[in-house]
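Numbering (the UniProt record's numbering), first residue to last: 1 to 97.
Next up, the structure:
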């Protein structure tokens, strides 16, 4: 986009909206698709979100990662153990939204 001499604010807003679309679509697929609610899928999505966060930080767009926060919390919830009362307290600490 810089090759087309767009302003930084337009580039940032475009990337942020694109990340919002990716986050919402991935969250909906996580909930609606048949075999997506698993520990393994949560780990895969969490890894991909981490790569996107690293890209945003390296391109000075930290607000882009805020669009993926709900998806990150859902994947953390999939990865946590949910068997005892102590596990529930840990979930409340980690998944604060």
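Where a beta carbon is used, it is the ideal one built from N, C-alpha and C, also for glycine.
About 19 Å separates the CB atoms of residue 28 and residue 79; that is not less than 8 Å, and the two are not in contact.
Per DSSP, the unbroken alpha helix (DSSP H) holding residue 40 starts and ends at 39–58. For residue 27, the enclosing alpha helix (DSSP H) covers residues 8–32. The shortest C-alpha to C-alpha distance from residue 57 to any of 23, 12 and 41 is the one to 12.
It is roughly 18 Å from the alpha-carbon of residue 67 to the alpha-carbon of residue 8.
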